[in-house]
Every structure is written in structure tokens, then in C-alpha cells.
DNA sequence: TGCAACTTGGTTGTACACAACTCAATAACC
DNA sequence: GGTTATTGAGTTGTGTACAACCAAGTTGCA
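Protein chains in written order, with full-length UniProt numbering: chain A, 1 to 150; chain B, 1 to 150.
See below:
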């Protein structure tokens, strides 16, 4: 399979355009989420952590970190803020004293319903079709996996 | 044009998967850039600011902010750090005293050559073809534009 | 001319994100 | 059993992001 030759200059430009667009899109999402989540008193990363807990129930900090691709340096203060807001409870595990299990409180469970309209609102805001969203998800997943190899 | 019905649950899941992948991909890029730019002593946002200056020459803070989609709250300290590193010089404009023009220093100009290999390295790290990169750029551009409308 | 509205850049406060480190607990090995 | 290595959270320091606000300069209009 032969491809048209791509000028070097365009190739280099393409790279930083993609990186930049990624950066910009990520922040644009953050901005819209900030608005959508304002009433819930959550930031976007906090919402992601709550999603994990709503979906899979109580689990150790480590497991949350793996799913969100975040380390303890980010998660520890974030979870502390969620605890301060009364949404989660942290309990050191009895079987492995190194591990801390994060539980939802009743308030944390209750918040789930109020968060239900958020995804649909975001979905509409992207202006993409379902096909395009699937493609985007696929491309992003591959990029992340490839970058993680480096 | 009729489409297959998409279950509600998948739709909602798709949204937060896309948002999450975007977030994750953006951070994955940041991580690889951090490595690629370490020798230059630049962070990724600082590199973006330098790109703007390398490409279009000296310009006011406002213009840089528009291109990078960043406000003064982020740019002011960032540019101060670049100035501290001796890469740029900030000069208040004489014709409009509100405006501050950012110039490259000789060291800032020189850094350009040392930064040349970076894009190719990043391009390779993504593991995508040129077609895929173009498509990704296009989708991301549309998403950002749509989100900015909100 | 004089004043209100707007623009530009800066500061402050809060919240990620991550590297580098510490500390305690557990696992692995001889 | 005792020593070493590894693991899980947390802390500290630096650097984005961004909202909210401020000060000074400019513009526009009555």
C-alpha cells in the first residue's frame, strides 16, 4: 500500500497540532464539566472518582488510581476533599494495614441520581455523532496505549 | 438516513469514556513531552508558548493567550518563568501602556534548533498513521469548537 | 471636556498532576 | 527467624489551569 508523500514540514506541524488540540479539547471539556457539575459541588476529577465508586462500589485507593491513571499524590488530597464534603469515608483495611478502602457515604450514594443528567448534557455539547464519538474514543485509546509504551 | 437505535446506557457510557480518554490521552502526551523536553528545561505549556513565539515572533501576551486558549492567570506566571530562564523578555508597549510585548532573547532563538527533533519523536510515539492523525485533529477541533459554544 | 465602559495584564486562592520522597506494613528470601 | 525488597498511602514542592478580583490605561460618548 503506497501513500502519497507527506511533506516533512506538514508532518511536524501535524504533530503539534494534534497535541495542542488534545490539550485544548481536554480543557474545553473541563470547562463545560465545571459548569455541569457546579450544582453538585464536584470538580471533573472528583466526578471521575465518584463514577468509579458508583460503578464498582467501595475499593482501595490503589484500584481507583489504576482506573483513573492517577497516583497517590493526586488522589490523596482529592479523596480527602471528597471526605470533607461528606461523600466518601476512608477506612484503613484490617487485613492489609497499608491499604485504605474508600466507601461511599449515604450522601455519596444519593448524589448519583443528581449526577444522572450530566452525561447526556455533555454528549449533546460535543456536537458529534455516535459514530464519531466511537471513532474518537478508539483513536484516543490507541494513542494513550502507544504513549504509555514509551 | 436511519441509524440503528443506540441503547441509552451505552450512550451515557460512551460520553464519559470519551471524556475520560481525552483526559488520559492529554496526560499521556504530557508525560512523554515532559521526557522529550527535559533537556531543554521546558514544560509542555512553556514549549507551546515558545512555539508561538518561534513561529510568529514577538507579540503581546493577549495574542499568545488567544492562540493557546489561556488567560493571564496562567500565562503571567508561565512567561515570568520563561523570562527567569532567560528565554524571553517582556516589554511594556509604549503605544499602549496596557499591553506587554513578549520578545525572544538570543537564548530563546537558539533553543529553537535544539527543539527541532521533538515533534518527530512525538509523532512516532503516537503510533498513528498520518490519516489517523488528520482525522483525530479534525474531530478534536470540532469538539473544542462545539464545547466553546456552550 | 469629563466620565463611564471596556481592555490588558497581574494577583490571589483553589484544585489538579506529577516527581521525589517518607513511613509503615507486608512479602520474599536465605 | 531475621534481613531485605516491595508495596500502599501520604507529604512536599513545582507547575499548570482557572475563577474572581484589581489597577492602570484607553476608548467612546454625552
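Think of the CB as a built atom: it goes at the ideal place given N, C-alpha and C, for glycine as much as any other residue.
This one's a predicted model, so the numbers in the text were calculated from it and none came from an experiment.
Chain-ordered neighbours of residue i on chain A, where CB pairs are closer than 7 Å
i: residue 132(B); result: 139
i: residue 51(B); result: 16
i: residue 48(B); result: 20
Residue i, buried or exposed, once every other Cβ within 10 Å from all chains shown has been counted against 16
i: residue 26(B); result: buried
i: residue 110(A); result: exposed
i: residue 74(A); result: exposed
i: residue 71(B); result: exposed
i: residue 119(A); result: buried
i: residue 116(B); result: exposed
i: residue 106(A); result: exposed
i: residue 124(B); result: exposed
i: residue 58(B); result: exposed
i: residue 41(B); result: exposed
i: residue 129(B); result: exposed
i: residue 108(A); result: buried
i: residue 126(B); result: buried
i: residue 65(B); result: buried
i: residue 35(B); result: exposed
i: residue 39(B); result: exposed
i: residue 151(B); result: Past the edges of chain B, shown from 1 to 150, lies residue 151(B), and the structure says nothing about it.
i: residue 148(A); result: exposed
Bridge partners - residue i, DSSP secondary structure assignment
i: residue 91(B); result: 101(B)
i: residue 60(B); result: 101(B)
Contacts of residue i in chain B (Cβ-Cβ under 9 Å)
i: residue 114(A); result: Simply none; closest approach about 15 Å.
i: residue 119(A); result: 11, 12, 13, 14, 15, 16 and 19
Amino acids of chain A, ordered along the chain, whose beta-carbon sits closer than 9 Å to that of residue i
i: residue 222(B); result: Nothing in the structure corresponds to residue 222(B), since chain B is present only between 1 and 150.
Listed by chain order, chain B residues near residue i by CB distance under 7 Å
i: residue 60(A); result: What residue 60(A) touches in chain B: nothing, since even the nearest Cβ is about 20 Å away.
i: residue 26(A); result: 22, 23 and 26
i: residue 146(A); result: 125, 126 and 127
i: residue 136(A); result: 18 and 139
i: residue 32(A); result: 147 and 150
Take every Cβ of the stretch 87-104 of chain A, pair it with every Cβ of the stretch 125-145 of chain A, and state whether three or more of those distances are shorter than 8 Å. Output reads no: the stretch 125-145 of chain A does not touch the stretch 87-104 of chain A.
When you compare the stretch 18-32 of chain B with the stretch 46-57 of chain B, are there three or more beta-carbon pairs, one atom per stretch, that lie closer than 8 Å? Short answer: they don't touch.
Any C-beta of chain A within less than 7 Å: which residues of the stretch 65-77 of chain B qualify? Going along the stretch 65-77 of chain B in chain order, one finds 69 with a Cβ nearer than 7 Å to chain A.
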